[in-house]
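J.: Chains as they are written, first to last, in my numbering: chain A, 1 to 237; chain B, 238 to 366.
Just so it is clear, CB atoms sit at the ideal spot from N, CA and C, and this is done for glycine as well.
Below: one structure in structure tokens.
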Amino acid sequence: MTTTLKIDQLNYRKNLKKILADVSLSLTGNKIVGLLGENGAGKTTLMRLIAGVAKNASGTIAINDETNVAARKSLISYSNPLGGIATNKRISEVKQFYVAVYPDFDEQKYDQMISFLKLDESQRLSALSKGTREKLVISLTLARQASVYLLDEPFGGIDSMSRKKIINSIIQWKPADSLMIISDHYVSEIAPILDEIVVIKDNTVVVHKAADAIREESGQSIEDYYESLYGEADSND
Amino acid sequence: MEFDDKVPIYYQIKTVIYDQIIAGQLAPGDKLPAVRQLAVSLTVNVNTVQRALREMIDEGVIISRRGRGNFVTEDTEIVEQLKQELINRYLKQLYDQLHRLKISDSEIIDELTAYIERQGDSNDNNAEN
């Protein structure tokens, strides 16, 4: 089945501050979409709203025509930074927690991923490096059988070897009929695996384009194109 | 592998596979790896591999057999044509660049001949078929 995410006229304020204004976006099909924008542009907020973790926005968010938050949550796997789990827990205990909480958690798939990523299940969360922690988050997120996967900055501050391994896991284990959104403020490392990019700037979506169409039309790399959105003054007209 | 992010990725995937066919690493009738396997080994998106495959199938170089996979065509004429196109493309690049530097045609021929001679016998290239 084709997955569809449809956002219509989404507005969100926090403490009277406008975070997202008039965001409309429609994503269809088994794609990997890059959600780009500067730090603080609202990428995480948008993901939290899609995931149903953040509330009280006006406008609608529908996944496969489902707008109800509880129903939507069951279709989404959102990369959780493990904030709610005590740091003295071992990786094996985190897995048990996921198995208990999520009926769609695929243990076999999870085991394949952690062996590919060489995670040691006896390690405690507090002992994990940033890269290892991110590998665990990716494994937990992808092990759920969902229609939509939301990965919030999975490459923040990790070394290039870990990054490559994580990108490889995404290609191998993203279910064929799912939609995946990956947020990042640094695009070049993930550009080859993106079908489309969405750029958030000035509180709203300013670009939604196919990655290869950008390369084809502008002859620019995705990174250069993205940066040109910020430095219009320098470009020739 | 490393891609040039200024060029559509599907196009670069085609180039990689066509290069392998022309170089004989993929022989006529050989089966291509599965789509996801290709995506993993090239570190690209599955959809992009599929788009590249669709174009190669449209161009007749790859034959898709339902339920069995994708195969390199056994029509050697198509492969020969592909080779010719590639040679022309690289020669055009070289020619255009040298021409831009105001190097004359005869100079280009002389330089190229001298270069090939310098490369010498170390390369065992088959100049004819």
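#1: Grab me the residues of A/GLU217's own chain with a C-beta within less than 6 angstroms of its C-beta, minus the 5 sequence neighbours each way, in chain order.
#2: Using a beta-carbon distance below 8 angstroms, is A/ASN236 in contact with chain B?
#3: Between which two residues does the alpha helix (DSSP H) holding B/TYR332 run?
#4: Please report the straight-line C-alpha distance between A/ILE197 and A/GLY29, rounded to a whole angstrom.
#5: Which runs of the alpha helix (DSSP H) fall wholly inside the segment 102-138 of chain A and span at least 4 residues, in chain order?
#6: Identify every residue that forms a DSSP beta bridge with B/ARG302.
#7: For the segment 205-221 of chain A, enumerate the residues whose C-beta is nearer than 7 angstroms to any C-beta of chain B, in chain order.
#8: If you draw a straight line from the C-alpha of A/ASP22 to the C-alpha of A/ALA54, how long is it?
#9: When the cut-off is 8 angstroms and only beta carbons count, does A/ASN168 lie next to chain B?
#10: Provide the residue span of the beta strand (DSSP E) that contains A/GLN9, from first to last.
#11: Using the Cβ count rule (16 or more neighbours within 10 Å means buried), how would you classify A/ASP234?
#12: For A/ASP195, would you say it is in contact with chain B, using Cβ-to-Cβ distances shorter than 8 angstroms as the test?
#13: Using a Cβ-Cβ distance under 8 angstroms, would B/THR252 count as near chain A?
#14: Between which two residues does the alpha helix (DSSP H) carrying A/LYS73 extend?
#15: With a threshold of 6 angstroms on Cβ separation, who are the neighbours of A/ILE76 within its own chain once the five nearest residues in sequence on each side are excluded?
#16: Based on the DSSP output, what are the partners of A/TYR149 in its beta bridges?
T.: The relevant details are as follows:
#1: Working through the first sequence from its first residue, we reach residue 217 of chain A at position 217. Around A/GLU217: no qualifying Cβ.
#2: In the first sequence, counting from the first residue as 1, residue 236 of chain A sits at position 236. With a pLDDT of only 47 at A/ASN236, under 50, the local geometry of the prediction cannot be trusted, and no value is derived from it.
#3: Position 95 of the second sequence holds residue 332 of chain B. First-last of the alpha helix (DSSP H) with B/TYR332: 313-337.
#4: Along the first sequence, one-based indexing puts residue 197 of chain A at 197. Along the first sequence, one-based indexing puts residue 29 of chain A at 29. Their backbone Cα atoms lie some 14 angstroms apart in a straight line.
#5: 107-116
#6: Translated into the one-based positions of the second sequence, residue 302 of chain B becomes position 65. DSSP output for B/ARG302 lists B/GLY306 as bridge partner(s).
#7: ASP212, ARG215, GLU216, GLY219, GLN220 and SER221
#8: Sequence index remark: in the first sequence, residue 22 of chain A carries index 22 (1-based). Sequence index remark: in the first sequence, residue 54 of chain A carries index 54 (1-based). A/ASP22 and A/ALA54: Cα-Cα distance of roughly 17 angstroms.
#9: Locating residue 168 of chain A in the first sequence gives position 168, where the first residue counts as 1. Cβ-Cβ to chain B under 8 angstroms: yes for A/ASN168.
#10: Counted from its first residue, the first sequence places residue 9 of chain A at position 9. Segment 4-14, the beta strand (DSSP E) holding A/GLN9.
#11: Here residue 234 of chain A is taken as the residue at index 234 of the first sequence, counted from 1. Only weak support exists for where A/ASP234 lies, its pLDDT of 49 falling under 50; the value from the coordinates is given anyway. Exposed is the call here.
#12: In the first sequence, the residue the question calls residue 195 of chain A occupies position 195. Output row for A/ASP195: interface = yes.
#13: Taking the first residue of the second sequence as position 1, residue 252 of chain B is located at position 15. Not one chain A Cβ lies under 8 angstroms of B/THR252.
#14: As a first step, residue 73 of chain A must be located in the first sequence, where it is residue number 73. Taken as a continuous stretch (DSSP letters only), the alpha helix (DSSP H) holding A/LYS73 covers 69-73.
#15: For this step, residue 76 of chain A is matched to residue 76 along the first sequence. Excluding positions up to five away in sequence, the list reads ALA51, ALA146 and VAL148.
#16: Translated into positions along the first sequence, residue 149 of chain A becomes position 149. Bridge partners of A/TYR149: A/SER77 and A/MET180.
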